[in-house]
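Presented below is the structure to which this report refers.
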Amino acid sequence: MSISFQNPYHFNTYRANPRQNSASFGVRIESHGYDKAYKSNPLHNGLSADEFIISRLMHYFTNSKGVKVLDVGSGQGRNAVPLAKLGYDVTALEINSLGQEQCREYAEKEKVAHKMRYSNKNILDDWEIEEKYDFAYMANVTEHLSKEQVLKALNNLNKNLKVDSILIFDATTLEDDRKVKSIWESKEAMQGEGRSYFKNKKEITDIAAQSGFELEEYFPYCENIDRRPSWVKSWKNDFDEYNWYVFKKTTNL
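Numbering-wise, my numbering comes out as the position in the sequence shown, counting from 1, plus 1.
Take a look at the structure:
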């Protein structure tokens, strides 16, 4: 099955500024993208782990011994380090050198450095390791990628995950093309990188299927939205759904 990328607004990363409109934006994830946030706040995001990721990991792998976990876009380690504290072997994949340094410091502070590995590989580059992972996740990553890049990332993950392994990521959907265009062209969107959308859940599952992943379950990210971080609350009128998606790798590419 092949996926056709037609709509310039849905996950082709339409820039708000007409002079910057380009489907090629983000062809490489920039390593300096979070420098300002990391420098101004060494505890970026309050180092609050995503309880959903922890709960699903413990659901699928109740015994942490020997379970290898890949955190794609690990940042300062807000998820990676708590998982290491639970006994999982975690590889933190982060291209921002400051974020990776702060992740190392966090792991050392929590005395789990021996359970951690680090990599500055770009998820969009071709790479494959000999030792495969049992579980991988991308938290707040897909909104920075074009649709083609998501497919590329999933293909790379397929090569580095075991058959029957679990992959989790979050994604927003928005059906209304006019609303997506309006959001991108708003003054607020022009002040930042903007955000990307899938059209619906079927589009997400179709792209994942092309990369050898089958949907297991999905859950609302924004349940009890008033308890979510402020940046999530500010999005709540800008999408139809914001979900966590849980996939199982069924085939090698």
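Even for Gly, the Cβ is constructed at its ideal location relative to N, Cα and C.
Reducing DSSP to helix, strand and coil, say where residue 61 ends up.
-> DSSP places residue 61 in the helix class (H, G or I) of the three-state scheme.
If we count the other Cβ atoms within 10 Å of its Cβ and call it buried at 16 or more, is residue 166 buried or exposed?
-> buried
Residue 93 and residue 119 look like a contact to me (Cβ under 8 Å); what is the Cβ gap, rounded to whole Å?
-> 5 Å
Mapping DSSP to helix, strand and coil, what is residue 254?
-> Note: residue 254 maps to coil in three-state DSSP.
Can you tell me which of the three DSSP states residue 25 falls into?
-> Any reading at residue 25 needs caution, since the residue's pLDDT is 30, under 50, leaving its predicted position unreliable; the model's value is listed next. Residue state, collapsed to three classes: coil.
Thinking C-alpha only, which one of 145, 61, 59, 213 is nearest residue 199?
-> 145
Please confirm if the region 153-165 is in contact with the region 97-104, defined as three or more CB-CB distances below 8 Å between the two stretches.
-> In short, these stretches do not touch, since the Cβ pair count stays below three.
Top-ranked residue by Cα proximity to residue 212, from 111, 175, 219, 148 = 148
Consult DSSP for residue 249 and reduce its assignment to one of helix, strand or coil.
-> strand
Hey, could you find the ends of the alpha helix (DSSP H) residue 1 is sitting in?
-> Given a span of 2 to 254 for the chain in the structure shown, any question on residue 1 remains unanswerable.
Relative to the C-alpha of residue 259, which residue among 105, 241, 210 is closest?
-> The requested residue 259 does not occur in the structure, where the chain is confined to residues 2 to 254.
Which residues bound the beta strand (DSSP E) around residue 167?
-> Run containing residue 167: 162-174, per the beta strand (DSSP E) assignment.
Straight-line Cα distance separating residue 55 from residue 153 | 26 Å
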